[in-house]
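Trainee: Counting in the UniProt record's numbering, the sequence shown runs from 1 upward without gaps. Think of the CB as a built atom: it goes at the ideal place given N, C-alpha and C, for glycine as much as any other residue. Remember, predicted model here, so these are calculated numbers, not experimental data. I'd like to ask you about the structure that follows.
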Amino acid sequence: MAQWKPHKTLVSGAEQAKLSSSLERITNSGRWTVVDAMAMDDYDDDMSSVGVTTARIENQHQQHHQGQHGHGHGYGQGQSQYSAGAVKVGGWRYEDASRYIGEWNQLGQKHGIGHLQFADGTRYDGQFQEGLSQGVGCLWFPDGAKYEGEFHQGWFHGNGIFWRADGMKYEGEFRGGKIWGLGLLTFQDFTHGFPRNEGFFQDCRFMRRRRCPEVVQRAQKCALLARSQCEHPY
């Protein structure tokens with residue numbers, strides 16, 4: 001039966017650098033800003049524009065997109081719906097070949113539910129707030145590793161589940177993009193080791209044993225909620 005030695009790191013330095021790099025890319029991915037927009041002030045019951053909108057949208061590289069959108073159907077690249085506080089855009093591509101589909105706010109920041117994919121296959125589906133992953137979401141890595149759960153200001157933070165590429169799973173608490181707090185390890189053979197690898201982790205290292213079934217259940221619920229966000233129709 002597999003077991004995990006205390007103080008042995010669950011995620012290697014190289015793996016943590018990869019995870020941090022991916023999280024930073026989500027945070028710093030191309031930002032588009034609505035710098036000029038004119039819209040008819042007719043809205044339907046759900047506050048989606050039913051008029052014709054002309055907008056110029058640019059990012060930090062001073063690239064811009066200008067075009068007309070009407071009745072929820074985009075012409076050219078994507079579609080836009082302007083409301084009192086949000087812009088919903090479908091299909092923007094950036095210089096680094098990343099692509100975002102989802103909801104925006106009036107400042108051009110990713111805000112609401114969205115899908116962000118990078119050229120190397122890294123993918124995030126879930127909630128955004130003012131340009132950062134915030135709330136719950138799912139993050140997939142090219143090597144097969146993945147995370148489902150809570151995010152805060154662009155990082156794993158709160159409760160969730162992380163799978164390593166080799167199938168080992170951690171269910172529990174995270175802090176600042178790292179495994180940190182109470183949780184449970186499950187190995188590739190679906191066992192938890194003997195003695196049971198459940199307890200307190202710090203900076204991706206197993207420190208001491210402690211039963212924490214409530215934390216594990218909370219992590220599972222957050223992961224399930226995150227998966228429901230991934231099914232959102234953009």
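1) Measuring alpha carbon to alpha carbon, tell me which of D166, M207, G176 and D125 ends up nearest G183.
2) In whole angstroms, what is the alpha-carbon distance linking R209 and F194?
3) Less than 7 Å between C-beta atoms, sequence neighbours within five positions excluded: which residues of the same chain meet that for K110?
4) CB-CB under 6 Å to V216, same chain, minus the five flanking residues each way: which ones, in chain order?
5) I'd like the list of long-range same chain contacts for G158, defined as Cβ closer than 6 Å, with 5 residues on each side in sequence excluded.
6) Considering only C-alpha positions, which residue in the set G112, D143, Q134 and G114 is nearest to T122?
7) Looking only at its chain, what residues have a beta carbon closer than 7 Å to the beta carbon of G167, apart from the 5 residues adjacent to it on each side?
8) Have a look at K221 and W180 and give me their C-alpha separation to the nearest angstrom.
9) Could you pull the DSSP bridge partners for V136 from this structure?
10) Straight-line CA distance for E148 to Q202?
11) Could you give the distance in angstroms between the alpha-carbon of H163 and the alpha-carbon of L107?
12) Using DSSP with H/G/I as helix, E/B as strand and the rest coil, what is L224?
13) Out of curiosity, what's the CA-to-CA distance linking V35 and A223?
14) Compare the beta carbon distance of A226 and V136 with 7 Å and say whether it is the shorter of the two.
Mentor: According to the data block:
1) It is M207.
2) Approximately 11 Å, taken between the alpha carbons.
3) Closer than 7 Å at the Cβ level, and outside the excluded window around K110, lie Y100, G102, W104, F128 and G131.
4) Excluding positions up to five away in sequence, the list reads E171 and L184.
5) Once the five neighbours on either side are set aside, the close Cβ partners of G158 are E150.
6) With distances taken between Cα atoms, T122 lies closest to D143.
7) Excluding positions up to five away in sequence, the list reads Q188.
8) When rounded, the distance between both Cα atoms is 18 Å.
9) Per DSSP, E150.
10) Near 19 Å, if we compare the C-alpha coordinates of Q202 and E148.
11) Reading the sequence as shown, one finds Trp at residue 163 and not His. In this structure, the straight-line span from the alpha carbon of W163 to that of L107 is close to 35 Å.
12) Looking at L224 - three-state DSSP - the assignment turns out to be helix.
13) Because the pLDDT at V35 is just 35, under 50, the model does not fix this residue reliably, and the point stays unresolved.
14) Note that the C-beta distance between A226 and V136 is below 7 Å.
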